[in-house]
Amino acid sequence: MDLHVPAEERAFREEVRAFLDTHLTADIRSAGRLATSVFADPERAMAWQKILHAKGWVAPHWPKQYGGTGWNVSQRAIFAEELIRAEAPPLIPMSLLMCGPMLIGCGTEEQKAYYLPRILSGEDFWCQGYSEPGAGSDLASLQTFAESDGDDYVINGTKIWTTYAMYANRMFALVRTRREGKPQAGITFLLIDMDTPGIKIDPIVGLDEVPEQCQVFFDNVRVPKKNRIGAENEGWTVAKYLLMFERGGAEYGPGLRVQMEKVKQIAAQQKTPAGNLMQDELFSSKVAQAEIDILALEFTENRIKSALGAGKDPGALSSMTKILGTELQQKITELAIEAAGTAALIWQPAAIVPGSDIEPVGPEYALPAMAKYLNTRATSIYGGSNEVQRGIIAKLVLGL
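Numbering (my numbering), first residue to last: -3 to 396.
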């Protein structure tokens, strides 16, 4: 096997590194270093998005005609890897990784012309209105109802686990427009202005003491029918298309590999009777198995990107990468806790707020370790629980 890295890829990596060295400010970098989930501090994440937008690098996975970069698979992987290595904050995924691709695939020309430039620039900050108190993984049981009234829908109901709804100015949401018949056949996909009268937002504080999630209430909220994606009662098809990007559109592999490198660096600093923790047979075997799993995941992600690039539906592969990616995230945070040792037990959430002047107790590398561990317990639940993803694979691949 030829493992030689082409000169053009080496040159591209150097170009990316030079750009990050110049444009990734200390303030923005701190937000990435201290991020405890897939969501960074919104203020700094949006500032970083504007910098990337000015460079034309904000949406590598979008088609070039809509503002994408035109990079190949290797370039996109290099870019993702270097962003994480440089500790850049993750961009808000609901806008760029979910709503944008959905509009490109399902929106009208008018909707694409209006919303896509605003997503790229960061003028619009989107949240996702899917789950409800009684409809999570069983999303088709949602009850938030939109009644037709002339040129508008009037919405009543509630959504929950709506990430960053308190910052968003727009929401893409699933609502019920017909109660009889098959549940999936009575759902409509709408784009909602969050400034519309009748919307109330209650933040939810997580185990890591971060108010990342929200519950959103709708009381006679009027939404123009022109904000509908697809036909009335056929929103389930749009939702499934978007979920393909939520579950399999993100690249887990490059980021997981960089995170493993950091775990190994921490472990190498921990003294043990054998020398350091990386020389411990049990710990090093855990690291080796995680690295094997990451490599396997990267190959699968490349198959998905190849399918999408050819205009094909990757099908159950999206469910597979969602399972593998999120469970590897959990495994790596567990290894990080093990590597950091007792330093990871020091609970100081105020010190991980970007811009905080609180002096951390213990080594800086251990500061976000426990909060990340707690936050990643949810990764196998959101975006469709991993149990549901296994059911999809059983049905589509195994025919069960």
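The beta-carbon is built from N, C-alpha and C at its ideal position, and this holds for glycine as well.
With respect to Met274, Ala263 sits close: the two C-beta atoms are nearer than 8 Å. Ala36 counts as buried, since at least 16 other C-beta atoms from the protein chains shown sit within 10 angstroms of its C-beta. When C-alpha distances from Pro199 are compared across Ala161, Ile188 and Asp189, the shortest belongs to Ala161. For Trp122, there is no enclosing alpha helix (DSSP H); the enclosing beta strand (DSSP E) has its first and last residue at Trp122 to Gly125.
Arg29 places its beta carbon 8 Å or farther from that of Glu77. Rounded to whole angstroms, the separation of the alpha carbons of Ile333 and Ile354 is 22 Å. Here the C-alpha atom of Asp191 lies approximately 44 Å from the C-alpha atom of Asp289. When the alpha-carbon of Ser133 is set against those of Val212, Ile389 and Gly380, the nearest one is in Gly380.
Secondary structure at Tyr248: coil, using DSSP grouped into helix, strand and coil. Taking the Cα positions, Ser137 is about 7 Å away from Gly130. Three or more Cβ pairs drawn from the region 208 to 215 and the region 149 to 169 lie within less than 8 Å of each other, which places the two stretches in contact.
Rounded to the nearest whole angstrom, the C-alpha separation of Thr329 and Thr21 is 26 Å.
In this structure Asp204 is buried. Its beta-carbon is surrounded by 16 or more other beta-carbon atoms within 10 angstroms. Using a Cβ distance threshold of 8 Å, Thr375 and Gln325 count as a contacting pair. Nearest to Arg299 by alpha-carbon distance, out of Ala286, Met316 and Glu287, is Met316.
Cβ-Cβ separation between Asn371 and Gly202: approximately 7 Å, consistent with a contact (criterion under 8 Å). Straight across, the Cα-Cα distance linking Ile74 with Gly66 is about 14 Å.
The distance from the Cβ of Ala50 to that of Pro85 is about 16 Å, inconsistent with a contact at the 8 Å cut-off. Counted as a single uninterrupted DSSP element, the stretch harbouring Asn165 is not any alpha helix (DSSP H), since DSSP gives it neither H nor E. DSSP places Thr154 inside the beta strand (DSSP E), whose first and last residues are Asp148 to Ile156. Gly358 sits close to Ile342, with the two beta carbons spaced by under 8 Å. Excluding sequence positions up to five before and after Ala169, its CB lies within less than 6 Å of the CB of Gly125, Leu186 and Ile188, all in the same chain and listed in chain order.
Measuring C-alpha to C-alpha distances from Thr173 to each of Met167, Leu48, Glu143 and Ala164 identifies Glu143 as the nearest.
One thing to note: Ala335 has its Cβ no nearer than 8 Å to the Cβ of Gln255. The three-state secondary structure of Glu176, taken from DSSP, is coil.
The residues Ala312, in chain order, have a CB closer than 7 Å to that of Val393 in the same chain once the five nearest residues on each side in sequence are set aside.
Relative to Ile88, the option among Glu287, Pro364, Arg166 and Gly101 whose CA is nearest is Arg166.
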